[in-house]
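Visitor:
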Amino acid sequence: MTEALISPTWIAVDWGTSNLRAWAMDGARILAEVQSDDGMGKLSRDGFEPALLRLIGPWLDLGPVPVYACGMVGSRQGWVEAPYRAVPCTPLDAAALVAAPTHDPRLTVYIAPGLKQTTPADVMRGEETQIAGALSLMPGYDGILCLPGTHSKWAQISAGEVVSFQTFMTGEMFALLSEASVLRHGLQGDGWDDTAFDTAVSDALSRPERLGARLFSLRAEGLIANLTPAAARARLSGLLIGTELAAARPYWLGQRVTLVGAAKLSSAYAHALKSQGIDAQRLSVTDCTLAGLSSLALQPEAAR
-5 MTEALISPTW
5 IAVDWGTSNL
15 RAWAMDGARI
25 LAEVQSDDGM
35 GKLSRDGFEP
45 ALLRLIGPWL
55 DLGPVPVYAC
65 GMVGSRQGWV
75 EAPYRAVPCT
85 PLDAAALVAA
95 PTHDPRLTVY
105 IAPGLKQTTP
115 ADVMRGEETQ
125 IAGALSLMPG
135 YDGILCLPGT
145 HSKWAQISAG
155 EVVSFQTFMT
165 GEMFALLSEA
175 SVLRHGLQGD
185 GWDDTAFDTA
195 VSDALSRPER
205 LGARLFSLRA
215 EGLIANLTPA
225 AARARLSGLL
235 IGTELAAARP
245 YWLGQRVTLV
255 GAAKLSSAYA
265 HALKSQGIDA
275 QRLSVTDCTL
285 AGLSSLALQP
295 EAAR
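Quick note on the numbering used here: the sequence shown kicks off at -5 and runs consecutively.
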């Protein structure tokens, strides 16, 4: 039995360092979703168009379809560089979209630029689209958006603009410490211990300068005090997130906070913030990404 042809009106693409995700869209409605491991980090500049066609080629059988993309595809090492826009500014601007060079006549690819901050120096790519999506889902929102991930972002939002932001390498540090440091020996499995996480968050918030010593204690306690792998993983996460919260205190203290991220990680951040009296709202990172790209794709032609 032949599968019915999918006929999108546009295609949404989130192209990260490790993965490529695409959605066939009919207006704001999702028709289909596909993904591959053809992330930016694995491709040469001439490999982007073939990688995209391998994924979405069947959606183009009925003719040309515009593609709106965000993420590392617009980095200096990506398909084409989409220059950063300087804050304070709106998270997305259709006039700043960059067209990628293509050979297949069915493809027209527009890439959203990231944002930059001069002092202190900081950049983001992909999160600006999630922020735009969050603002479209929460009209009139003023407050803080936290986007936990490999490189967590804290962004101050006012009057529809990103006023300032700060990045923390918390997720990457967890990956490096749990997979490539001496701590890896005591972190096997994917177990979790809520009490150990809570204690570590509190410890890191009160004494962030002790992080280095607290990290090695995970190894020592595993050797001489029977610290379980589940407790060790939870404590490592709690120490890193707690240290991030200590440094980001000016962003979240007394503020309205919304988390945009994967469910499990956002839950950990929400739990840590709750211990500090902050009831953070949570939004799906996928919902926000699609809402942000939709804000570009579905606006009147004259505005693009």
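Beta carbons are placed, not taken as given, at the ideal position from N, Cα and C, and that holds for glycine.
The structure displayed is predicted, hence computed values, not measured ones.
At the level of alpha carbons, what is the spacing between L101 and E166?
Guide: Your numbering for residue 101 matches position 107 in the sequence shown. Your numbering for residue 166 matches position 172 in the sequence shown. Rounded to whole angstroms, L101 to E166 spans 34 Å at the Cα level.
Visitor: Would you mind working out which of L49, A18, W17 and G21 sits nearest D32, comparing C-alpha positions?
Guide: On the sequence shown, position 38 is the one that residue 32 refers to. That would be L49, whose Cα lies nearest to the Cα of D32.
Visitor: Sort A128, V67, V92 and A126 by Cα distance to L46 and report the nearest one.
Guide: Taking the sequence shown and counting its residues from 1, the one referred to as residue 46 is at position 52. Ranking A128, V67, V92 and A126 by Cα distance to L46 puts V67 first.
Visitor: Are the CB atoms of D116 and T84 within a distance shorter than 8 Å?
Guide: As a working mapping, residue 84 is identified with position 90 in the sequence shown. As a working mapping, residue 116 is identified with position 122 in the sequence shown. T84 places its beta carbon 8 Å or farther from that of D116.
Visitor: Give a yes or no on whether the C-beta atoms belonging to V7 and A63 are separated by under 8 Å.
Guide: By one-based count along the sequence shown, residue 7 stands at place 13. By one-based count along the sequence shown, residue 63 stands at place 69. Yes; because the gap between Cβ atoms is below 8 Å, this pair is in contact.
Visitor: Less than 8 Å between the C-beta atoms of A224 and G183, yes or no?
Guide: For this step, residue 224 is matched to residue 230 along the sequence shown. For this step, residue 183 is matched to residue 189 along the sequence shown. Against a cut-off of 8 Å, the Cβ pair of G183 and A224 comes out as a contact.
Visitor: Can you find the residues in the same chain that come closer than 6 Å, C-beta to C-beta, to C282, ignoring five residues on each side of it along the sequence?
Guide: Here residue 282 corresponds to residue number 288 of the sequence shown, with the count starting at 1. Excluding sequence neighbours, C282 sits near Q124, G127, A128 and V254.
Visitor: With the cut-off set at 8 Å, would you say L230 and L290 are in Cβ contact?
Guide: The residue labelled residue 230 in the question sits at position 236 within the sequence shown. The residue labelled residue 290 in the question sits at position 296 within the sequence shown. It is not a contact, given that the beta carbons lie outside the stated cut-off.
Visitor: Return the Cβ separation of G232 and F168 in integer angstroms, given the expectation that the two are a contact with Cβ distance under 8 Å.
Guide: For the purposes of this step, residue 232 is taken as residue 238 along the sequence shown, with counting starting at 1. For the purposes of this step, residue 168 is taken as residue 174 along the sequence shown, with counting starting at 1. Not really, about 11 Å apart at Cβ, beyond 8 Å.
Visitor: Under 6 Å Cβ to Cβ from G10, same chain only, skipping five residues before and after it: list those, please.
Guide: For the purposes of this step, residue 10 is taken as residue 16 along the sequence shown, with counting starting at 1. Excluding residues within five positions, the ones whose Cβ falls inside 6 Å are G33, G65 and M66.
Visitor: Opposite L109 in the DSSP bridges: which residues?
Guide: Walking along the sequence shown from the start, residue 109 turns up at place 115. Partner(s): R79 and M118.
Visitor: Under the DSSP definition of a beta bridge, which residues are partnered with P60?
Guide: Counting from 1 along the sequence shown, the entry for residue 60 is found at position 66. Answer is T102, bridged to P60.
Visitor: In its own chain, which residues sit with a C-beta less than 7 Å from the C-beta of V251, not counting the 5 before and 5 after it?
Guide: By 1-based counting over the sequence shown, the position of residue 251 is 257. Contacts found: G137, I138, C140, L267, I272 and A274.
Visitor: With DSSP as the reference, label S146 as helix, strand or coil.
Guide: The sequence position of residue 146 within the sequence shown is 152, counting from 1. In this structure, S146 counts as strand in the three-state DSSP scheme.
Visitor: Let's see if you can read the secondary structure: which residues bound the beta strand (DSSP E) around A16?
Guide: Position 22 of the sequence shown, counted from the first residue, corresponds to residue 16. Looking at the DSSP string, the run of the beta strand (DSSP E) that includes A16 is L14 to D20.
Visitor: Considering only residues of the region 146 to 234, which uninterrupted beta strand (DSSP E) runs meet the minimum length of 3 residues and lie entirely inside it, listed in chain order?
Guide: 146 to 152 and 155 to 162
Visitor: Rounded to the nearest angstrom, how far is the Cβ of V74 from that of P95, given a contact under 8 Å?
Guide: Here residue 74 corresponds to residue number 80 of the sequence shown, with the count starting at 1. Here residue 95 corresponds to residue number 101 of the sequence shown, with the count starting at 1. About 6 Å separates the two Cβ atoms, so the contact holds.
Visitor: Where M19 and P99 are concerned, what is the direct C-alpha to C-alpha distance, given to the nearest angstrom?
Guide: As a first step, residue 19 must be located in the sequence shown, where it is residue number 25. As a first step, residue 99 must be located in the sequence shown, where it is residue number 105. Approximately 20 Å between the Cα atoms of the pair.
Visitor: Buried or exposed, going by whether 16 or more other CB atoms sit within 10 Å of the CB of A264?
Guide: The residue you call residue 264 lines up with position 270 of the sequence shown. Buried is the call here.
Visitor: How big is the Cα-Cα spacing for A262 and L234?
Guide: What you label residue 262 is simply residue 268 of the sequence shown in a count that begins at 1. What you label residue 234 is simply residue 240 of the sequence shown in a count that begins at 1. Between A262 and L234, the C-alpha separation is close to 11 Å.
Visitor: Can the beta-carbon of G216 be found closer than 8 Å to that of A207?
Guide: Indexing the sequence shown from 1 puts residue 216 at position 222. Indexing the sequence shown from 1 puts residue 207 at position 213. In this structure, A207 does not lie closer than 8 Å to G216 by Cβ.
Visitor: Have a look at A16, G72, A26 and W17 and flag the residue whose alpha-carbon is nearest the alpha-carbon of D40.
Guide: For the purposes of this step, residue 40 is taken as residue 46 along the sequence shown, with counting starting at 1. Minimum Cα distance to D40 is reached at G72.
Visitor: If you follow the beta strand (DSSP E) that D281 is in, where does it begin and where does it stop?
Guide: Translated into the one-based positions of the sequence shown, residue 281 becomes position 287. Careful: D281 lies outside any beta strand (DSSP E), inside the alpha helix (DSSP H) at V279 to A291.
Visitor: Can you give me the start and stop residues for the alpha helix (DSSP H) that A266 sits inside?
Guide: Taking the sequence shown and counting its residues from 1, one reaches residue 266 at position 272. Residues A257 to K268.
Visitor: By alpha-carbon positions, which one of L54, S130 and G143 ends up nearest to M118?
Guide: To locate residue 118, count along the sequence shown from 1; it is residue 124. Of the listed residues, the one whose Cα sits closest to M118 is G143.
Visitor: Please name the residue in S1, I5 and L(-1) whose C-alpha comes closest to that of A285.
Guide: Here residue 285 refers to the residue found at position 291 when the sequence shown is read from its first residue. Considering only alpha carbons, the answer is I5.
Visitor: Applying the 10 Å Cβ sphere with the 16-neighbour rule, what's the burial state of Q111?
Guide: To locate residue 111, count along the sequence shown from 1; it is residue 117. Classification for Q111: buried.
Visitor: Report the partner residues of E27 according to the DSSP bridge assignment.
Guide: On the sequence shown, position 33 is the one that residue 27 refers to. DSSP lists W17 as partners of E27.
Visitor: With I5 as the anchor, note down where its beta strand (DSSP E) starts and where it stops.
Guide: Your numbering for residue 5 matches position 11 in the sequence shown. Element bounds for I5: W4 to W9.
Visitor: Could you tell me the distance, in whole angstroms, from the CA atom of R70 to the CA atom of K36?
Guide: The residue given as residue 70 occupies position 76 in the sequence shown. The residue given as residue 36 occupies position 42 in the sequence shown. For R70 and K36, the distance between alpha carbons rounds to 14 Å.
Visitor: Alpha carbon to alpha carbon, how far is V103 from A93?
Guide: Position 109 of the sequence shown holds residue 103. Position 99 of the sequence shown holds residue 93. Rounded to the nearest angstrom, the two C-alpha atoms are 6 Å apart.
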